[in-house]
Structure formats: structure tokens, C-alpha cells
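In this note's numbering, the protein residues as written are 13 to 210.
Note that the Cβ used here is the ideal one computed from N, Cα and C, for glycine as well.
Keep in mind that this is a model prediction, so the values were computed, not measured.
Right, dumping it as C-alpha cells:
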């Protein structure tokens with residue numbers, strides 16, 4: 013990781029000499045990172061493709077909307093730049109469920125910054141993998157529901173056991189060269205349509 017995008021909202025802080033010397037830009041550059049900055053979602057969308065991570069120099073209350081916007085463009089770690097100013101502006105949102113991959117502060121040493129960026133990258137990609145696996149599991153559960161409903165319909169209509177109905181579904185899917193869930197969905201929908209008409 014060597015290229016970072018910093019999101020700064022100029023409305024939240026006055027840019028002073030003190031800020032520029034303790035801000036994320038100068039500190040991260042001194043640690044060897046290539047740093048770009050954006051103040052609007054439009055700017056960020058143009059710059060995010062080249063960034064390995066995003067640093068949000070904002071109050072916590074603005075993180076969720078920025079995170080959504082950034083993650084739609086690219087999967088990359090998102091860290092919060094915690095200063096006395098952003099922390100003070102974030103007190104009311106302290107209990108909110110805010111998702112960031114790490115926190116950086118001006119008092120960190122270069123080695124600490126490198127490690128937190130490393131761990132945040134791992135955290136981000138592990139979470140993405142977990143979300144993908146979760147989606148697959150939810151999809152399988154949904155498919156299982158359709159298959160179970162179709163088995164019930166077939167076993168009732170043909171007066172056969174559910175295991176025989178399952179075999180019938182499987183054979184029908186192979187004959188039609190379709191997925192079993194597609195055949196099951198068709199059976200359930202036709203059955204529901206017939207039930208609505210009677």
C-alpha cells in the first residue's frame with residue numbers, strides 16, 4: 013500500500029498553519045506515501061481508482077455516507093483520522109455503529125502508521141470475503157426454500173414421499189438442463205397461480 017486518498021471537509025475545520033503541519037497529508041507524505049486529497053464525492057470518485065486506501069479526516073457522523081460512496085467505486089480500506097477536533101465533533105455519535113477498517117492519529121509514529129494500514133487492508137478484504145460468503149449462504153437458503161416448497165407440492169399432488177419428490181425435481185432439472193431451484197420455482201409459481209384461480 014503506498015497511495016492514499018484523504019477526504020477532508022473544509023467546512024469542519026479552519027485550515028491553519030498548525031493544521032497543515034499536523035494534518036494527515038504532511039504526516040503520511042513524510043512516511044513515504046503518495047497522498048491526494050478530495051473535498052467532495054465527485055473529486056473522490058475521480059481519485060479513488062488510484063488509491064490503496066481512503067483516510068477520512070471528518071467527524072464520525074459523516075463516515076457512513078462517505079463509506080457508502082467510496083465503496084461503490086472501489087473496495088479499499090477506509091480509515092478515520094482522529095484528531096482532537098474530529099473527536100470533539102463526533103462525541104454525539106460515539107455509540108453509533110460506524111464501520112472503519114482502522115484509526116489514525118497525528119501522534120502516531122511512522123512504523124505504527126505502516127502497521128495500521130497493513131492491518132486495515134487485511135480487515136477490509138476479510139470483511140469483503142465474509143460479506144460475499146454471507147450473500148452466497150443467503151442465496152442457498154432462499155434456493156432451499158423454493159426446493160422445499162416444490163417438494164411439498166409434488167408430494168401432496170402425486171401422493172409420494174418428499175425424498176421421491178426431490179428425486180423427481182432433480183430428474184426434471186436434468187431433463188430440462190436447468191438448475192433445480194429454477195424448476196422448483198416454476199412449480200411453486202404455477203401452483204400458486206392455480207390456487208389463486210380456484
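- In this structure the region 168-182 does not lie against the region 119-132, because fewer than three pairs of beta carbons, one per stretch, are closer than 8 Å.
- Less than 9 Å divides the Cβ of residue 15 from the Cβ of residue 62.
- Relative to residue 119, the option among 88, 94, 175 and 164 whose CA is nearest is 94.
- With 16 or more other Cβ atoms inside 10 Å of its own Cβ, residue 114 counts as buried.
- Three or more Cβ pairs drawn from the region 49-66 and the region 79-93 lie within less than 8 Å of each other, which places the two stretches in contact.
- Per DSSP, residue 81 is one residue of the alpha helix (DSSP H) stretching across 75-85.
- Considering only 187, 41, 98 and 44, the residue with the shortest C-alpha distance to residue 20 is 98.
- Nearest Cα to residue 72 within the set 80, 110, 208 and 90: 110.
- Rounded to whole angstroms, the Cβ separation of residue 158 and residue 133 is 38 Å, and the two are not in contact under 8 Å.
- Across the set 165, 45 and 18, the C-alpha of 18 shows the shortest separation from the C-alpha of residue 53.
- In the three-state DSSP reduction, residue 164 falls in the helix class (H, G or I).
- Distance from the CA of residue 180 to the CA of residue 150, rounded to the nearest whole angstrom, comes to 25 Å.
- Under the three-state reduction of DSSP, residue 58 is assigned to helix.
- Linking residue 143 to residue 136 through their CA atoms gives a straight-line distance of about 11 Å.
- The beta-bridge partner set that DSSP reports for residue 48 consists of 17.
- If you look at residue 68, you'll find it in the beta strand (DSSP E) that goes 65-69.
- Taking all protein chains shown into account, residue 37 has 16 or more neighbouring C-beta atoms within 10 Å of its C-beta and is therefore buried.
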